[in-house]
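J.:
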Amino acid sequence: MKKLTTFAIIACTVLLSRNAVAQKINVNAGLNISSITTNLGFSEPKLKPGFHIGASVDYAVSDLFSIDGGLLLSSMGYRINNDFDYGFGPEHVEGNISPYYLTIPILLKANFELGNIQAFAGVGPYAAFGLFGNVDRKYTPANGNSEDLSGDIEWGENGMNRFDFGLQAKVGLEFDKINVALFYGQGLVDVISVEDEYFLNTVFGLTVGYTLFEK
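Under UniProt numbering, the first residue of the sequence shown carries the number 1, and numbering increases by one thereafter.
Laid out in structure tokens, this is it:
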């Protein structure tokens, strides 16, 4: 939490810089398609649909560049649907792991005029703090007696790491008060504590924004 607070303070300081010459306040929502990057050999994570919703502030620092900072509620996680056989008969596990994060992306954007449309591309870091989540999982052993392993996500040393940090890139178009963008984010923090293995959040998706205020 201290890491996220520090990141937020730095982000706000940058965004409120007096050097900024123009600003936009946007509301944003859209589709997340998330998974994890892992070295866990016997389990292949599947893509999971989700969402994000929140607001952002875009400060122009020159005619070409702006700084775009946001505060979003964002769903992450992945699906599993795997079969195993360790010599005792076929086994199966399926389910969804669904953590929800408070996410703060800070992107440096380049903006280009294309007639009445503005194109933009941005890249930068993000920080995220896990708020809540759930696991919906069913395990079927060789004897066929399924076991429900569902419940709330456990955060901390024996569960998921609440703090995440990574890089995000975004490209899109803006016309009038509407902007539409594609984005990709790659986590750099191991979010599940398992020895000799790593689990990194990965997400791509579509976001739509509407400008509430501009000066």
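By construction, the Cβ of each residue, glycine as well, lies at the ideal position given by its N, Cα and C atoms.
Buried or exposed: Tyr210, going by 16 or more other Cβ atoms within 10 Å of its Cβ?
T.: Classification of Tyr210: exposed, given that the 10 Å Cβ count is below 16.
J.: Taking Cβ to Cβ, would you say Ile53 is nearer than 9 Å to Gly205?
T.: Not in contact: Ile53 and Gly205 (Cβ atoms no closer than 9 Å).
J.: Opposite Lys177 in the DSSP bridges: which residues?
T.: Paired residue(s): none; Lys177 is not in a bridge.
J.: Cα separation between Leu73 and Tyr101?
T.: Going from the Cα of Leu73 to the Cα of Tyr101 covers about 6 Å.
J.: Considering only C-alpha positions, which residue in the set Ile25, Glu94, Thr37 is nearest to residue 223?
T.: The structure shown does not extend to residue 223, since the chain is modelled only from 1 to 215, so the question has no answer here.
J.: Please list the terminal residues of the continuous beta strand (DSSP E) segment that includes Glu214.
T.: Unbroken beta strand (DSSP E) run through Glu214: 199–214.
J.: Identify which residue in Ser98, Ala119, Asp176, Phe65 has its Cα closest to the Cα of Trp155.
T.: Considering only alpha carbons, the answer is Ser98.
J.: So, at 8 Å on beta carbons, what are the nonlocal neighbours of Asn158 in its own chain, with the 5 sequence-adjacent residues on each side left out?
T.: The answer, listed in chain order, is Ser193.
J.: With Leu182 and Gly172 assumed to form a contact (beta carbons below 8 Å), what rounded beta-carbon distance in angstroms separates them?
T.: Rounded, the Cβ-Cβ distance is 7 Å, consistent with contact.
J.: Is Ile97 helix, strand or coil when you go by DSSP?
T.: Three-state DSSP puts Ile97 in a strand.
J.: Counting C-beta neighbours from all protein chains within 10 Å, is the total for Gly30 16 or more, i.e. buried, or is it exposed?
T.: Flag for Gly30 reads buried.
J.: Could you spell out the range, first to last residue, of the beta strand (DSSP E) harbouring Ser146?
T.: Counting along the chain, Ser146 falls outside any beta strand (DSSP E), and DSSP gives it neither H nor E.
J.: Which class does Ser56 belong to by DSSP, given the choice of helix, strand or coil?
T.: Ser56: strand per DSSP, three-state reduction.
J.: Tell me, to the nearest whole angstrom, how far the beta carbon of Gly130 is from that of Lys170; I am working on the premise that it is less than 8 Å.
T.: About 22 Å; that fails the 8 Å criterion.
J.: For Ile104, count the other beta carbons within 10 Å of its own beta carbon; 16 or more makes it buried, fewer makes it exposed. Which is it?
T.: Under this definition Ile104 is a buried residue.
J.: Measure how close the beta-carbons of Asp152 and Asn134 come, nearest whole angstrom, since I'm counting them as under 8 Å.
T.: Their Cβ separation, rounded to whole angstroms, is 6 Å, which keeps Asp152 and Asn134 in contact under 8 Å.
J.: Confirm, please, whether the CB-CB distance from Asn116 to Ala60 is below 9 Å.
T.: It is not a contact, given that the beta carbons lie outside the stated cut-off.
J.: Once DSSP output is grouped into helix, strand and coil, what is the label at Met76?
T.: Met76 falls in the coil class under three-state DSSP.
J.: In terms of alpha-carbon separation, which member of Pro49, Arg137, Glu113 lies closest to His92?
T.: Of the listed residues, the one whose Cα sits closest to His92 is Arg137.
J.: Could you tell me how far apart the beta carbons of Glu174 and Phe120 are, in whole angstroms, since I believe they sit closer than 8 Å?
T.: Right, the Cβ-Cβ distance comes to about 7 Å (below 8 Å), so this counts as a contact.
J.: Pull up the distance between the alpha-carbon of Leu108 and that of Gly187, whole angstroms please.
T.: One C-alpha to the other measures close to 18 Å.
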